[in-house]
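Below is one structure; the comments refer to it alone.
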Amino acid sequence: MDNQTQKNAKTLLRILTEDKFKRQRAPYVIAFGALVLGTITYLFFSSSYDNKESYYISRESKLSIKDIDQAQKEGINLEALGDDKRHIVYHLAKSQYNLTILKYLKDTGIDLLLLDQEGKNTLERIILSLKLSEFNLENHYYGNISVLLSLGMKVSDDTIKEISKLCQNGALDTCLKMAFYFKAIDRKEHAKSYAKRSCYSSKDYYICKIASNYILKD
């Protein structure tokens, strides 16, 4: 076999081998491509969904009937928003409750009394977890929990134990929130006890001042 013939044979063998390899590889390439495309698509829609959830979480006092209707159209679950899956009523507690909005949420099928993944109702979760501003604690919080109480929510004995432990460990805002809760259900001695605990660090701290002005003076 001359050099040219050998060269042609090697070239043909290479082409045939590459072609065979390509055919063998094709299903894997297609599968990998589909996986990548699927992942990108999932991440895109997941990110879009998260952004929409963030919008409704941030609305607070600005949440409108139009927002609620739009959330339903978009498939946003207002009963479980964000990474922690908190109820929209939990997030709305960062400002003064709008009774018209709460009624519309209920009328559109939102379960206001739904328990979260840890078995807590919205009232319990607000006391345990929600960080509120000084203005909110002084002006809106008591009215908001009174609304939740009127809906039939209450704090269970087990949750009271959790709250008491947080309070003992220095969560003074939790002490104050619980003091207001006991005031709302007319358990004055318990209210004063928790109000005093909210003053453990400093009597000049705004949480202690709120406790003194609205609970300890009663």
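Just add 1161 to wherever you are in the sequence shown, counting from 1, and you've got the numbering used here.
Ideal Cβ placement from N, Cα and C applies to all residues, glycine included.
Query, Result
"Between Ala1232 and the rest of its own chain, which residues show a CB-CB distance below 7 Å, the 5 nearest in sequence each way excluded?", "Tyr1217, Leu1239"
"Say whether the region 1363-1378 touches the region 1304-1314, bearing in mind that this needs 3 or more beta-carbon pairs closer than 8 Å, one atom from each stretch.", "no"
"Between His1252 and the ligand COA, is there a pair consisting of the residue's CB and a ligand heavy atom that are separated by less than 7 Å?", "Ligands in the displayed structure: none, and consequently the ligand COA is not present."
"Under the three-state reduction of DSSP, which class applies to Arg1247: helix, strand or coil?", "strand"
"For the putative contact between Tyr1258 and Thr1283, defined by C-beta atoms under 8 Å, what is the C-beta separation to the nearest angstrom?", "Going by Cβ atoms, the distance from Tyr1258 to Thr1283 rounds to 11 Å, so no, they are not a contact pair."
"Give the DSSP-derived three-state secondary structure of Leu1242 in the structure shown.", "strand"
"Verify whether the separation of the beta carbon atoms of Ile1368 and Leu1327 is less than 8 Å.", "no"
"Looking at Thr1320 and Lys1267, is the spacing between their C-beta atoms short of 8 Å?", "no"
"Quick one: is Ile1226 buried, meaning 16 or more other Cβ sit within 10 Å of its Cβ, or exposed?", "exposed"
"What does the alpha-carbon distance come out to for the pair Tyr1375 and Lys1353?", "10 Å"
"State the CB to CB distance for the pair Met1314 and Leu1377, rounded to an integer number of angstroms; the pair is presumed to be in contact (CB under 8 Å).", "Wrong, their Cβ atoms sit about 25 Å apart, outside the cutoff."
"Can you tell me whether His1301 is helix, strand or coil according to DSSP?", "coil"
"With respect to the alpha helix (DSSP H) encompassing Lys1131, which residues constitute its N-terminal and C-terminal limits?", "Residue coverage of the chain in this structure runs from 1162 to 1379, which leaves residue 1131 outside it and unanswerable."
"Find the nearest neighbour of Asp1272 within the set Ser1290, Ala1254, Asp1318, Ile1249, judged by alpha-carbon distance.", "Ile1249"
"Alpha carbon to alpha carbon, how far is Asp1379 from Ser1256? Give it in angstroms, no decimals.", "25 Å"
"Once the 5 residues before and after Ile1371 are set aside, which same chain residues still bring their CB inside 7 Å of it?", "Leu1298, Glu1299, Leu1337"
"Helix, strand or coil for Ala1340, going by three-state DSSP, please let me know.", "helix"
"Is the CB-CB distance between Glu1285 and Leu1242 below 8 Å?", "no"
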